[in-house]
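Numbering (the working numbering), first residue to last: 76 to 457. For glycine and all other residues, C-beta sits at the position ideal for the given N, C-alpha and C. Here the structure is a predicted model, which is why all the values come from computation and not from measurement.
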Amino acid sequence: MTAQDPAAAGHVQKGLEGVVVSETQLSDVDGARCQLIYRGYEIGELVGKAAYEEVSFLLLNGHLPSRTELADWTEQLVTRRALSPDIIQLMEQLPFGNPMAYLRSVISIMGLADSCAEDLSPQALRERALDLIAKTPTLITLFDRLRHKRSMLGPRPDLGHAANFLFMLHGEEPDPEFAKALDAYFVLLAEHGFNASTFAARTAVATQSDFYSGITAALGTLKGPLHGAANTKAMEMLMEIGSPDQVEPYVQKTLSDHKRFMGFGHRVYKGEDPRAKHLKHFSHQMGAARGELQWFEISERLQDAVWQAKKLYINVDFYSASLLYYLRIPVDLFTPMFACARTAGWAAHILEQLGDNRLIRPLALYVGPRDLKFAPLDQRSA
Ligand code: COA
């Protein structure tokens, strides 16, 4: 250890808060300005204009696709949507427990079944990236259909990424406005700097492990309620509140119980999450289209009440909850929806990490005892 080692100096940055561990060209999460930039484009520049297919291309290739590039990219995604019979058979046999644990397990087994999984060449990684971006919607929707004993639906090649997702889930072609709202959700959640799941993916592949290990590490990390599961928890919170006039009593009770408001607060943004206003817009639009504005109204009132009580800003998960609910996504699939969107970001980070790799290995400050002497078993106290 040298004198410059933070651990030697006794400096611990708990939760790596504020620590810059790498450069990235993928996105800028600017906490002070409350801006999110994907490869140079502020998020508001893309949402509602670029489809998820274009944004996933942008993340993985560094520029928005030309017409020919987009046609080729879309074609590659469409042809990869279907699952192999072996994976379908396996999915039928797995327990239908926590959807994130299920997704993590299936993708892990897809890695086991891929004889080229250990190939870390850029071309091989790119192939796997396309494969998982294309297949994750099929995995999630098939999980839902299998657990409800509904017949399996093959992907529809004529539908875009978001519309095909809704088709495979519900069995009918969605209204274009609903598909557009889901597409916007996918775009908004596609990438977000060195968040916990992305960092987990980069840490896994930095050991020169394989692409699937990176994605499964990310999935396991996203599963937690302080990260990706906050959207499910936020919807459960709205349901517990039940009606706009119950917002204030709920806020008071949550404060007195010292509990957290799900979908509020952020480690990086010092103000409102830049994705939140777009999600709010789509939630309102979908609530109006469904004639069920109460979830939006509860959300709006809660946003104000929590601001008054605690000066906390909403984050990405807050209006994602009502939006996904209006799209008739089952509440326990909200976190897999986040994963579905973020697969593009994770994949781009895996490529970036392996393009200029260095093992990720931070230090810890040891605060336990030293110089203890070994005692044989019969001389130790209980
Ligand atoms: N509800 C109530 N209080 C909150 C809060 C929330 N959602 N988020 C932060 N706070 C409070 C904490 O209680 C703490 O107050 P204190 O200093 O009086 O103890 C203070 O704000 C700082 O919180 P801290 O947990 O240290 O911030 P963090 O940077 O570690 O946490 C989150 C960031 C996202 C984990 C946190 O805001 C949170 O738990 N949010 C709810 C879960 C969520 O929405 N996650 C999705 C993130 S995109």
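{"Query": "Taking 7 Å as the cut-off, is the CB of methionine 337 close to at least one heavy atom of the ligand COA?", "Result": "yes"}
{"Query": "Does the pairing of the segment 126–146 with the segment 168–176 give three or more beta-carbon distances under 8 Å?", "Result": "no"}
{"Query": "Please state if the CB of threonine 410 and the CB of asparagine 306 are separated by a distance shorter than 8 Å.", "Result": "yes"}
{"Query": "With phenylalanine 218 and proline 251 assumed to form a contact (beta carbons below 8 Å), what rounded beta-carbon distance in angstroms separates them?", "Result": "Contact flag wrong, Cβ pair sits at about 26 Å."}
{"Query": "Would you check whether the ligand COA has a heavy atom nearer than 7 Å to the C-beta of histidine 353?", "Result": "no"}
{"Query": "So, valine 122 versus leucine 264, is the Cβ gap smaller than 8 Å?", "Result": "no"}
{"Query": "Look up phenylalanine 339 in the DSSP assignment and give the residues it is bridged to.", "Result": "Ile389"}
{"Query": "Tell me the rounded alpha-carbon separation between arginine 350 and alanine 276.", "Result": "23 Å"}
{"Query": "Under a three-way DSSP split, which group does leucine 111 fall into?", "Result": "strand"}
{"Query": "According to the Cβ coordinates, are glycine 338 and phenylalanine 393 closer than 8 Å?", "Result": "yes"}
{"Query": "Any chance the CB of glycine 90 is under 7 Å from a heavy atom of the ligand COA?", "Result": "yes"}
{"Query": "Just the Cα atoms here: how many angstroms apart are methionine 76 and arginine 436?", "Result": "Because the pLDDT at methionine 76 is just 42, under 50, the model does not fix this residue reliably, and the point stays unresolved."}
{"Query": "Quick one: residues in its chain with C-beta nearer than 6 Å to the C-beta of leucine 354, no 5 flanking neighbours on either side, listed in chain order?", "Result": "Tyr394, Ser395, Leu398"}
{"Query": "Would you say valine 391 touches the ligand COA, meaning its beta carbon is less than 7 Å from a heavy atom?", "Result": "yes"}
{"Query": "Can you tell me whether arginine 179 is buried or exposed, with buried defined as 16 or more other CB within 10 angstroms of its CB?", "Result": "buried"}
{"Query": "Does the Cβ of glutamate 266 have 16 or more other Cβ atoms within 10 Å, making it buried, or fewer, making it exposed?", "Result": "buried"}
{"Query": "Could you tell me which residues DSSP puts in a beta bridge with aspartate 105?", "Result": "Gln110"}
{"Query": "For the alpha helix (DSSP H) that contains cysteine 415, what are its first and last residues?", "Result": "409–430"}
{"Query": "Taking 7 Å as the cut-off, does the CB of arginine 342 come closer than this to any heavy atom belonging to the ligand COA?", "Result": "yes"}
{"Query": "Compute the minimum distance between the beta carbon of histidine 356 and the heavy atoms of the ligand COA, and state whether it is under 7 Å.", "Result": "no"}
{"Query": "What is the DSSP secondary structure of glutamate 375, counted as helix, strand or coil?", "Result": "helix"}
{"Query": "Starting from glycine 362, trace the alpha helix (DSSP H) in both directions and tell me its first and last residue.", "Result": "351–365"}
{"Query": "For a test of your reading of the model: does the CB of leucine 387 fall under 7 Å from any non-hydrogen atom of the ligand COA? Yes or no.", "Result": "yes"}
{"Query": "Sorted by chain position, which residues of the same chain lie with C-beta nearer than 8 Å to proline 405's C-beta, five sequence neighbours on each side aside?", "Result": "Asp219"}
{"Query": "Give me the Cα-Cα distance between alanine 146 and glycine 268, rounded to the nearest whole angstrom.", "Result": "28 Å"}
{"Query": "Looking only at its chain, what residues have a beta carbon closer than 7 Å to the beta carbon of phenylalanine 371, apart from the 5 residues adjacent to it on each side?", "Result": "Ser358, His359, Gly362, Ser397"}
{"Query": "Hey, alanine 209 and arginine 156 are a contact pair by Cβ (cut 8 Å); roughly how many whole angstroms apart?", "Result": "5 Å"}
{"Query": "Helix, strand or coil: how does DSSP classify glutamate 247 here?", "Result": "coil"}
{"Query": "Could you check if leucine 426 is buried or exposed, using at least 16 other CB atoms within 10 Å of its CB as the buried criterion?", "Result": "buried"}
{"Query": "Could you give the distance in angstroms between the alpha-carbon of proline 160 and the alpha-carbon of isoleucine 182?", "Result": "15 Å"}
{"Query": "Can you give the Cα-Cα distance for methionine 312 and lysine 345, rounded to whole angstroms?", "Result": "24 Å"}
{"Query": "Is alanine 305 close to the ligand COA? I mean its beta-carbon at under 7 Å from any heavy atom of the ligand.", "Result": "yes"}
{"Query": "Counting Cβ pairs, one atom from each stretch, are 3 or more of them under 8 Å apart for the segment 319–326 and the segment 367–384?", "Result": "yes"}
{"Query": "Report the three-state DSSP secondary structure of glutamate 98 (helix, strand or coil).", "Result": "coil"}
{"Query": "Can leucine 264 be considered in contact with the ligand COA, in the sense that its beta carbon sits closer than 7 Å to one or more heavy atoms?", "Result": "no"}
{"Query": "When burial is assigned at 16 or more other CB atoms within 10 Å of the CB, is lysine 124 buried or exposed?", "Result": "exposed"}
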